[in-house]
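A.B. asks: I am attaching a structure below and will ask some questions about it afterwards.
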Amino acid sequence: MSQRNIFAQKLMANQNFSESEQMYLVTLAQLETASQPVPLSALAQALGVQPVSVNQMVRKLAEAGLVTYEPYHGVSLSPQG
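Here's what the structure looks like:
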């Protein structure tokens, strides 16, 4: 089983996240590479939502410590995420 599938299963088992938060985290895990953060535009395109919606959710997830967000660079999962 791939690392991403394991992550997705653990995430879905956690009832503390909304469905939207889960989708953002799983999609981010699928898009992320080891060396580059994921641009918000790529995350928005993958989720089929507007970039402003991605920006709002990423900031919320960053406040919760689940992602690391650098404006103009992108977002990546934090060790907790």
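293 is the number of the first residue of the sequence shown in my numbering; add one for each residue after it. The C-beta atom is built at its ideal place from N, Cα and C for all residues, glycine as well.
(1) Output needed for residue 293: all residues of its chain with C-beta closer than 6 Å, excluding positions within five of it in sequence on either side, in chain order.
(2) Just verifying my parser: in three-state terms, what is the DSSP assignment at residue 362?
(3) Got a sec, what are the start and stop residues for the alpha helix (DSSP H) residue 328 sits in?
(4) Taking the continuous alpha helix (DSSP H) assigned at residue 310, which residues delimit it?
(5) Report back the beta-carbon spacing between residue 338 and residue 319 to the nearest angstrom; my notes put them in contact at under 8 Å.
C.D. replies: On the basis of the supplied data:
(1) Translated into the one-based positions of the sequence shown, residue 293 becomes position 1. For residue 293, the predicted model reports a pLDDT of 44, less than 50, meaning its position is unreliable; a value from the coordinates is still stated below. Nothing meets the Cβ criterion.
(2) Position 70 of the sequence shown holds residue 362. If DSSP states are grouped into helix, strand and coil, residue 362 belongs with the strands.
(3) To locate residue 328, count along the sequence shown from 1; it is residue 36. From DSSP, residue 328 is part of no alpha helix (DSSP H); its letter is neither H nor E.
(4) On the sequence shown, position 18 is the one that residue 310 refers to. No alpha helix (DSSP H) holds residue 310; DSSP gives it neither H nor E.
(5) The residue given as residue 338 occupies position 46 in the sequence shown. The residue given as residue 319 occupies position 27 in the sequence shown. Residue 338 to residue 319, Cβ: 5 Å. Contact.
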